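A short write-up of the structure that comes next.
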Amino acid sequence: MKPNVIPGYGLTFGYALVYLSLIVLIPIIGLFLKAAQVPLEDIVRIATSPRTVNALRISFGSSLIAAVVNVVFGLIVAWVLVRYKFPFRRLLDAVVDLPFALPTAVAGIALSTLYAPKGWIGGMFSANGWLNKWIAAQDWLPFGLNALQMPSWKIAYTPTGIVIALVFIGLPFVVRTVQPVLEEFEAELEEAAATLGANRWQTIRRVILPRLMPAILTGFALAFARAVGEYGSVIFIAGNLPNISEIAPVLIVIKLEEFDQAGAAVIAGIMLVIAFAMLLVINLIQAWARRRFGDV
Amino acid sequence: MFEQDVAVYDSRRPVAPHDHTRPTTERDWVKRTLIGIAFVFMLAVIVLPLILVFVEAFRKGADTYFASFTDPQSIAAIRLTLIVAAISVPLNLVFGICAAWSIAKFEFPGKAFLITLIDLPFSVSPVVSGMVYVLLFGAQSALYPFLKANNIEIIFAVPGIVLATIFVTFPFVARELVPLMQDQGNGDEEAALSLGANGWQVFWRVTLPNIKWGLLYGVLLCNARAMGEFGAVSVVSGHIRGKTTTMPLDIEILYNEYNFAAAFAVASLLAMLALVTLLVKTILEFRYGDELAGTRKH
Chain A
-4 MKPNVIPGYG LTFGYALVYL SLIVLIPIIG LFLKAAQVPL EDIVRIATSP
46 RTVNALRISF GSSLIAAVVN VVFGLIVAWV LVRYKFPFRR LLDAVVDLPF
96 ALPTAVAGIA LSTLYAPKGW IGGMFSANGW LNKWIAAQDW LPFGLNALQM
146 PSWKIAYTPT GIVIALVFIG LPFVVRTVQP VLEEFEAELE EAAATLGANR
196 WQTIRRVILP RLMPAILTGF ALAFARAVGE YGSVIFIAGN LPNISEIAPV
246 LIVIKLEEFD QAGAAVIAGI MLVIAFAMLL VINLIQAWAR RRFGDV
Chain B
131 MFEQDVAVYD SRRPVAPHDH TRPTTERDWV KRTLIGIAFV FMLAVIVLPL
181 ILVFVEAFRK GADTYFASFT DPQSIAAIRL TLIVAAISVP LNLVFGICAA
231 WSIAKFEFPG KAFLITLIDL PFSVSPVVSG MVYVLLFGAQ SALYPFLKAN
281 NIEIIFAVPG IVLATIFVTF PFVARELVPL MQDQGNGDEE AALSLGANGW
331 QVFWRVTLPN IKWGLLYGVL LCNARAMGEF GAVSVVSGHI RGKTTTMPLD
381 IEILYNEYNF AAAFAVASLL AMLALVTLLV KTILEFRYGD ELAGTRKH
């Protein structure tokens, strides 16, 4: 250790380490010990049972879709916030962080009500929803246009609802990782591309997007990792039907309520291992980006 | 007549702004489309849910709305939420300062690993965060006979809720302070020490004023999460109404009982907390941006 005149190392480091161990490390090690006590054939049986496999597939599948949606729209939102001036820009910017601040249970019941067949948005795609009733009531329309109906599309209480909730909680991760990189993007690069004859689309695709790639991947991984473990905002909108719309965290809770701690621990262990792997991937992306582009 | 077909650059003729696109920006219709997409998307996913909370809360009138808060179970839930936040936030605050002090001011092996461990609760599912305590202290655990013999209740009681809340809000203050104090370096503290200040004086008079806005920022986010945590608390709480239900759990119970007005009334309180948090956060970033740590990433 370098000579250092600042006092308090022993006290602060010691306290931080003890607190970290008591609150985080010992409980998590306990989880793995519990999972390790489960006989191997039971682990395999729990891990390969159709309900577990389906729950993991639904969790990781909808998280993947949600993260892709977040990358596409998060990129647009970040781009618009950084590059354009328009009314309510600051408000839009502040609202991006709402999913960080709004409790998941509140988001869950709000999204569920919003996207239910009788909700404001769900009702736009429901046979008996407000939009179809409104269209039917417009009998002044020529050619019987008011007989046209919106396609029926059930969102809440289906796997689509899960994706909606996961898009909600994951969006700020993408916007807030891409935004600072976009803000510091050197205008000279774009000008150079333009002087070399690139059109705007070529500049964006060949110059700007590659430079944003590490941030996009990091945002994607963060949104994905958060989505995989999400519980509160999903359970209200999902419907939680086994094998169809039951995510892994819900299955863990069900196992715990049935006092099947071994089953819960095995599924939690699988999820933790995948979460650690995601963390590793995020760190690797960032290390790679630092080597490739300097600081990101 | 024919000149229009041939594009000839004429420096004397002013070029109308809309048919001259700067090479480093997009055409107007592209801009408008993208801004439109951003607004519609944000409206559908984030803004409408927020508005809906308040509309649903007041759907049956202001009287019903305020009556929701006289329900003893909701009052108990609000009180429990405040108690849990009042215990867990200060504990994580002290930890955050200690962790940041040791990581930022000193060099030691394994520092990067320690930072990763501090971030760990963020990458664990809330359900798993609660579950680790059920495994440790629950009825099937090795510790349970001892706890039972001494009448200590942890799971399905308030201590378990506090523990789960501490776990999920663990990194907030530390991850705000560590990069901030690393950026600030040791210069100010060394100057104070050379002028004869002791360790506590250095902390209270030099370090704390330097980090106060970053600290407030971390505490703000920590508190918002502590009051709003659902998954982890749900697993350890046992949902005993009026006893172990925090506000988010109360919302769940009311919603599942189809008591939507009351559920959204309680939800509106948490939504207001979120709005205040966002407002203070935006003000802090706007006014003291350079006194907060680097770029905002979560």
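Protein chains in written order, with this note's numbering: chain A, -4 to 291; chain B, 131 to 428.
Heads up, the beta-carbon is just placed ideally off N, CA and C, and yes, glycines get one too.
In this text, all values refer to a predicted model and were calculated from it rather than measured experimentally.
Classify residue i as buried or exposed, calling it buried when 16 or more other Cβ atoms lie within 10 Å of its own Cβ.
i, result
"G361 of chain B", "buried"
"L87 of chain A", "buried"
"A182 of chain A", "exposed"
"E179 of chain A", "exposed"
"L236 of chain A", "exposed"
"Q133 of chain A", "exposed"
"F479 of chain B", "Chain B is shown from 131 up to 428; residue 479 of chain B falls before or after that span and cannot be answered."
"T43 of chain A", "exposed"
"I116 of chain A", "buried"
"V371 of chain A", "Since the first residue of chain A shown is -4 and the last is 291, residue 371 of chain A is not available in this structure."
"K411 of chain B", "buried"
"I239 of chain A", "exposed"
"P146 of chain A", "exposed"
"F81 of chain A", "exposed"
"K295 of chain A", "Only positions -4 to 291 of chain A appear in the structure, and residue 295 of chain A is not among them; the question remains open."
"Q32 of chain A", "exposed"
"I164 of chain A", "buried"
"A272 of chain A", "exposed"
"Q256 of chain A", "buried"
"M402 of chain B", "exposed"
"P339 of chain B", "exposed"
Does residue i have its Cβ less than 8 Å from a Cβ in chain A?
i, result
"F300 of chain B", "yes"
"W231 of chain B", "yes"
"C352 of chain B", "no"
"Y347 of chain B", "no"
"V258 of chain B", "yes"
"K190 of chain B", "no"
"M172 of chain B", "yes"
"V336 of chain B", "no"
"F225 of chain B", "yes"
"L422 of chain B", "no"
"I176 of chain B", "yes"
"R426 of chain B", "With a pLDDT of 47 at R426 of chain B, under the threshold of 50, the predicted position of this residue should be treated as unreliable, and no value is reported."
"V219 of chain B", "no"
"G329 of chain B", "yes"
"M261 of chain B", "yes"
"P202 of chain B", "no"
"Y385 of chain B", "yes"
"V288 of chain B", "no"
Under 8 Å between C-beta atoms, does residue i make it to chain B?
i, result
"V248 of chain A", "yes"
"Q256 of chain A", "yes"
"F301 of chain A", "Since the first residue of chain A shown is -4 and the last is 291, residue 301 of chain A is not available in this structure."
"E185 of chain A", "yes"
"V101 of chain A", "yes"
"L59 of chain A", "no"
"F231 of chain A", "yes"
"Y14 of chain A", "yes"
"W74 of chain A", "yes"
"V0 of chain A", "yes"
"A62 of chain A", "no"
"T153 of chain A", "no"
"P98 of chain A", "yes"
* **Ordered list of alpha helix (DSSP H) runs contained in the segment 185 to 247 of chain B, each at least 4 residues** => As far as the segment 185 to 247 of chain B is concerned, its whole alpha helix (DSSP H) runs of at least 4 residues are 191 to 197 and 202 to 235.
* Could you tell me which uninterrupted alpha helix (DSSP H) segments, each at least 4 residues in length, are contained entirely in the segment 207 to 275 of chain A, listed from first to last along the chain? => Segments of the alpha helix (DSSP H) lying fully in the segment 207 to 275 of chain A: 227 to 233 and 243 to 252.
* Asked: Hey, is the segment 202 to 214 of chain B in contact with the segment 368 to 375 of chain B, meaning 3+ C-beta pairs nearer than 8 Å?
  -> The segment 368 to 375 of chain B and the segment 202 to 214 of chain B touch, with three or more beta-carbon pairs separated by less than 8 Å.
* **Cβ pair count under 8 Å reaching 3, the segment 301 to 313 of chain B against the segment 226 to 233 of chain B** => The segment 301 to 313 of chain B makes contact with the segment 226 to 233 of chain B: 3 or more CB pairs, one atom from each, lie closer than 8 Å.
* Can you list the alpha helix (DSSP H) stretches of 4 or more residues lying completely in the segment 314 to 391 of chain B, in chain order? -> Counting only runs of 4 or more, we get 317 to 324, 338 to 358, 361 to 367 and 377 to 386.
* Asked: Does the segment 246 to 262 of chain A come close enough to the segment 162 to 181 of chain A that 3 or more CB-CB pairs lie under 8 Å?
  -> Two segments are said to touch when three or more pairs of C-beta atoms, one from each, lie closer than 8 Å; by this definition the segment 162 to 181 of chain A does not touch the segment 246 to 262 of chain A.
* To do: Would you check if the segment 399 to 407 of chain B and the segment 91 to 98 of chain A touch, i.e. whether three or more CB-CB distances between them fall below 8 Å?
  => Between the segment 91 to 98 of chain A and the segment 399 to 407 of chain B, the count of C-beta pairs closer than 8 Å reaches three or more; the two stretches touch.
* Below 8 Å, can you find three or more Cβ-Cβ pairs linking the segment 204 to 215 of chain A to the segment 63 to 70 of chain A? -> Remark: three or more beta-carbon pairs, one from each stretch, lie closer than 8 Å, so the segment 204 to 215 of chain A and the segment 63 to 70 of chain A are flagged as touching.
* To do: Determine contact between the segment 342 to 361 of chain B and the segment 316 to 332 of chain B, defined as no fewer than three beta-carbon pairs at a distance below 8 Å.
  => Result no; under three Cβ-Cβ pairs closer than 8 Å.
* **Every unbroken alpha helix (DSSP H) inside the segment 5 to 65 of chain A [4 residues or more]** => Qualifying alpha helix (DSSP H) stretches, in chain order: 21 to 32 and 35 to 43.
* **alpha helix (DSSP H) runs wholly inside the segment 247 to 326 of chain B, at least 4 long, in chain order** => Here the runs fully enclosed are 256 to 267, 274 to 279, 288 to 299, 301 to 314 and 317 to 324.
* Asked: Touch check for the segment 375 to 395 of chain B and the segment 313 to 328 of chain B: three-plus C-beta pairs under 8 Å?
  -> Contact fails between the segment 375 to 395 of chain B and the segment 313 to 328 of chain B, because fewer than three Cβ pairs, one in each stretch, are under 8 Å apart.
* Within the segment 160 to 200 of chain A, ranges of the alpha helix (DSSP H) (whole runs, at least 4 residues) -> Within the segment 160 to 200 of chain A, the complete alpha helix (DSSP H) runs of at least 4 residues are 182 to 190 and 195 to 198.
* **Residues of the segment 293 to 322 of chain B whose Cβ lies closer than 9 Å to any Cβ of chain E, in chain order** => In the displayed structure, chain E is absent; the protein chains listed are A and B.
* **contact_flag[the segment 258 to 278 of chain B, the segment 263 to 271 of chain A] where n(CB pairs < 8 Å) is 3 or more** => Flag = yes, the segment 258 to 278 of chain B and the segment 263 to 271 of chain A touch.
* **Segment contact flag, the segment 149 to 164 of chain A with the segment 100 to 107 of chain A, C-beta cutoff 8 Å, min 3 pairs** => Flag = yes, the segment 149 to 164 of chain A and the segment 100 to 107 of chain A touch.
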